[in-house]
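Each residue of the sequence shown is one higher than the one before, counting from 324 in this note's numbering.
Each residue gets a CB set at the ideal place from its N, CA and C atoms; glycine is no exception.
So the structure is just underneath, and the comments pick up after that.
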Amino acid sequence: MRLHVTDDDRAIFPAGSVLPLDVTTARPLVGDEEVLVTKLLSEKFGKNVEIASRTVDPSVVGGIAVRYEDHIFDATVKRQLEKMDELMKTIHLREESLSGTDHLTDALKAGVEHFDNEVGLEEIGIVKTVGDGICTATGLGGAMSGELVSLHDGIYGMVQNLWPQEVGIVLLGGASQVKEGDTVRRTGKIMSIPVSEEMLGRIISPLGLPLDGRGSIKASDYRPIESPAPGIAARQPVDVPLETGLKAVDALVPIGRGQRELIIGDRGTGKTAIAIDTILNQKGKNVICIYVAIGQKASSVARLSAAFEKYGASGYTLIVAATAADTAPLQYLAPYAGAAVGEYFMDQGKDVLIVYDDLSKHAVAYRAMSLLLRRPPGREAYPGDVFYLHSRLLERACRRNKAHGGGSMTALPIIETQAGDVSGYIPTNVISITDGQIYLETDLFNSGVRPAINAGLSVSRVGGAAQTKAMKSVAGTLRLTLAQYRELAAFAQFGSDLDKATKMQLDRGARVTEMLKQAQYHPLTMAEEVIGLYAVTQGYMDHIPVSDVIRYEHEMLTYIKAHYEGILAQISSTGKLTDEVKETLNDALTDHNKVFIPTPEDAPIGSE
Numbered sequence: 324m325r326l327h328v329t330d331d332d333r334a335i336f337p338a339g340s341v342l343p344l345d346v347t348t349a350r351p352l353v354g355d356e357e358v359l360v361t362k363l364l365s366e367k368f369g370k371n372v373e374i375a376s377r378t379v380d381p382s383v384v385g386g387i388a389v390r391y392e393d394h395i396f397d398a399t400v401k402r403q404l405e406k407m408d409e410l411m412k413t414i415h416l417r418e419e420s421l422s423g424t425d426h427l428t429d430a431l432k433a434g435v436e437h438f439d440n441e442v443g444l445e446e447i448g449i450v451k452t453v454g455d456g457i458c459t460a461t462g463l464g465g466a467m468s469g470e471l472v473s474l475h476d477g478i479y480g481m482v483q484n485l486w487p488q489e490v491g492i493v494l495l496g497g498a499s500q501v502k503e504g505d506t507v508r509r510t511g512k513i514m515s516i517p518v519s520e521e522m523l524g525r526i527i528s529p530l531g532l533p534l535d536g537r538g539s540i541k542a543s544d545y546r547p548i549e550s551p552a553p554g555i556a557a558r559q560p561v562d563v564p565l566e567t568g569l570k571a572v573d574a575l576v577p578i579g580r581g582q583r584e585l586i587i588g589d590r591g592t593g594k595t596a597i598a599i600d601t602i603l604n605q606k607g608k609n610v611i612c613i614y615v616a617i618g619q620k621a622s623s624v625a626r627l628s629a630a631f632e633k634y635g636a637s638g639y640t641l642i643v644a645a646t647a648a649d650t651a652p653l654q655y656l657a658p659y660a661g662a663a664v665g666e667y668f669m670d671q672g673k674d675v676l677i678v679y680d681d682l683s684k685h686a687v688a689y690r691a692m693s694l695l696l697r698r699p700p701g702r703e704a705y706p707g708d709v710f711y712l713h714s715r716l717l718e719r720a721c722r723r724n725k726a727h728g729g730g731s732m733t734a735l736p737i738i739e740t741q742a743g744d745v746s747g748y749i750p751t752n753v754i755s756i757t758d759g760q761i762y763l764e765t766d767l768f769n770s771g772v773r774p775a776i777n778a779g780l781s782v783s784r785v786g787g788a789a790q791t792k793a794m795k796s797v798a799g800t801l802r803l804t805l806a807q808y809r810e811l812a813a814f815a816q817f818g819s820d821l822d823k824a825t826k827m828q829l830d831r832g833a834r835v836t837e838m839l840k841q842a843q844y845h846p847l848t849m850a851e852e853v854i855g856l857y858a859v860t861q862g863y864m865d866h867i868p869v870s871d872v873i874r875y876e877h878e879m880l881t882y883i884k885a886h887y888e889g890i891l892a893q894i895s896s897t898g899k900l901t902d903e904v905k906e907t908l909n910d911a912l913t914d915h916n917k918v919f920i921p922t923p924e925d926a927p928i929g930s931e
């Protein structure tokens, strides 16, 4: 019996002359076997022991398990086979192993060589109650919050509640196989997820397991699901733009690398579309993108993955999916798992964009899990720590300074409102945590304004610091122009007699609103956005019918690329709109206006 007993283990045993132990074997001890076992245990533990109870359990196959209260030395054959099984699951087999035996043999040999059959002290508990993916267990007095615990047949759970006499555990699958009286073992490890470069282009579960049927993923490292947010000393100001490719966002509510910008609105207003276009626009910009799907249909995740593949984004994007069919604990873990993977890349000095879609479902999953754990409900039946749930997640997004690696993680959390009510419990929580919000309005969406951004309620607390000088120069008066247009339009509908200045403002505002419309999956470069906004704000579209503004923009950009390509290159490289560039741009727009044929204002709908 290779029992490995340390001084720390012996400190657990009480002071006294005799230590009572419970012994489990596959068959009854006969003859001198009990005397020999007692003598051996006395030598190992450094004190006299006695066998207080004897249990015969043929399922352990062979060997012996010695237990004192909640601690056990398990030297049974069954336990050794379980440990070997856990080790084999960590062995990464290359694809060529499937066609030949050499690589397979080498991998298995390496695994067996690292197998340690020494038996150490384990702390165990007994399942007391189980149901709905939650169980409570007595014992486990030394368990930590968030610790991974092991049940039978490869079933794992995570410790959530720490009570004086028992612990609350959320099960990470296999809940139907857990029953009262089962043994729960501490692993001594905080819940972690495997991370690797190989995850790019893949769909994974919150436990790091592949869900796309494309084979295993070799882990480069393991990272805890939850980790402290970087301190103030490790951060630097957010002043590098993270361009979304959407004119309305980049001009009105600019996002910087390391920022947390909330996307909020009712169901079906295009929240996910903004996030997806932002991911597509990172192609070729050295930004790793992570999309966390919480409580969505599996078919929706599959369509999203296909879209990333179609538009060439899969090479720098991964999806963490906890679908509606998954349990509440897995939906609870999903965004933290995504953040852990993002931190792996951020630690390498890379820029990361992570989308949480959506945190409303995340809060609902946490509420369901917490009520099953009998945590006291607070406002609107959510547990009292639901604010901490999202704050400790979103605070992990930041831009680190060079002394701490220089990477960044930008977070785009999504929140679904009910009937436009931003004053709800969860929306107000996340609004107070983030650095601004993009508010999408149902009425604007239904009227054809897409993205349906409400310029009055949307804000970026980073603002112009996350814009290039070229964008700042053309977007400076845009918000004011839109606000004045909305206000004048509301009054103008009550009367037809308008003075020339008011009519000019209304006409300009209508064209700016039309200009900011953009189809999904068609993000623009920064230079293209600047030229389009410059044209509308400088009056080059004033004579264009509103219905032709989108066509005008497309033909204008095509014309400039064909005849004035240097303008785009210069704006892209310098990020500035110099006087020289403006002069050339004015010439280009003037030349294009001479060849552009607007649709007559009185043309019938549908005419060419």
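Whole-Å CB distance - residue i paired with residue j, under 8 Å assumed
i, j, result
"L653", "Q483", "Going by Cβ atoms, the distance from L653 to Q483 rounds to 14 Å, so no, they are not a contact pair."
"A662", "I642", "No, A662 and I642 are not in contact; Cβ-Cβ is about 14 Å, not under 8 Å."
"D680", "A775", "Contact flag wrong, Cβ pair sits at about 17 Å."
"G832", "Q807", "7 Å"
Residue environment, residue i, which counts as buried when at least 16 other CB atoms sit within 10 Å
i, result
"S731", "buried"
"G607", "exposed"
"T428", "exposed"
"E566", "buried"
"V384", "exposed"
"D600", "buried"
"L359", "exposed"
"S528", "buried"
"Q816", "exposed"
"D766", "exposed"
"V493", "buried"
"P487", "exposed"
"A793", "buried"
"G341", "Position check: residue 341 holds Val in this sequence, whereas Gly was assumed. Flag for V341 reads exposed."
"Y844", "exposed"
Residue i - containing beta strand (DSSP E), residue span
i, result
"M481", "479-485"
"Q861", "From DSSP, Q861 is part of no beta strand (DSSP E); its letter is neither H nor E."
"R377", "371-379"
"V490", "489-494"
"D680", "674-680"
"S731", "731-739"
"L641", "640-645"
"L585", "585-588"
"G832", "Where G832 is concerned, there is no enclosing beta strand (DSSP E), although the alpha helix (DSSP H) it sits in stretches over 823-838."
"I457", "457-462"
Paired residues, beta bridge with residue i - DSSP
i, result
"V782", "Q760"
"P564", "G579"
"H394", "Y391, E446"
"P517", "Y545"
"Y614", "I642, V678"
Cβ-based neighbour list, residue i, same chain, cut-off 6 Å, excluding 5 preceding and 5 following
i, result
"A455", "Inspection of the sequence shows that residue 455 is occupied by Asp rather than by Ala. Counting only Cβ-Cβ distances below 6 Å, and skipping sequence neighbours, we find L695."
"G491", "T459, Q483, N484, L696"
"Q559", "R722, N724"
Extent of the continuous alpha helix (DSSP H) to which residue i belongs
i, result
"D902", "902-918"
"I602", "594-603"
"M699", "Per the sequence shown, residue 699 should be read as Pro rather than Met. Element bounds for P699: n/a, residue is neither H nor E."
"G665", "651-669"
"A349", "Note, A349: premise wrong, no alpha helix (DSSP H); not H, not E."
"Y882", "872-886"
"S473", "Not the alpha helix (DSSP H): S473 falls in the beta strand (DSSP E), residues 470-473."
"A815", "801-815"
"D332", "330-335"
Own chain residues within Cβ distance below 7 Å of residue i, not counting five before or after
i, result
"A648", "A621"
"V296", "As shown, the chain starts at 324 and ends at 931. That puts residue 296 outside it, with no answer to give."
"G464", "D393"
"V561", "G579, R580, G581, Q582, R722, V785, A788, A789"
"V859", "R834, V835, M838"
"A598", "I586, V678, D680, L735, I737"
"S519", "I540, K541, A542, S543"
Same chain, Cβ closer than 8 Å to residue i, five either side skipped, listed in chain order
i, result
"P921", "H866, I867, P868, D871, Y875"
"L554", "The sequence given here has Gly at residue 554, not Leu. No residues qualify anywhere along the chain."
"P699", "P706, G707"
"G511", "E470"
"H685", "I617, G618, Q654, Y655, A657, P658, Y679, L712, H713"
"A741", "Reading the sequence as shown, one finds Gln at residue 741 and not Ala. Closer than 8 Å at Cβ, skipping near neighbours: D589, G747."
Residue-level contact to chain C via CB, residue i, 7 Å cutoff
i, result
"Y689", "Looking for chain C here will not work: only one protein chain is present."
Proximity test, residue i beta-carbon vs the ligand ADP heavy atom, cut-off 6 Å
i, result
"S755", "The ligand ADP is absent from the structure shown, which contains no ligand whatsoever."
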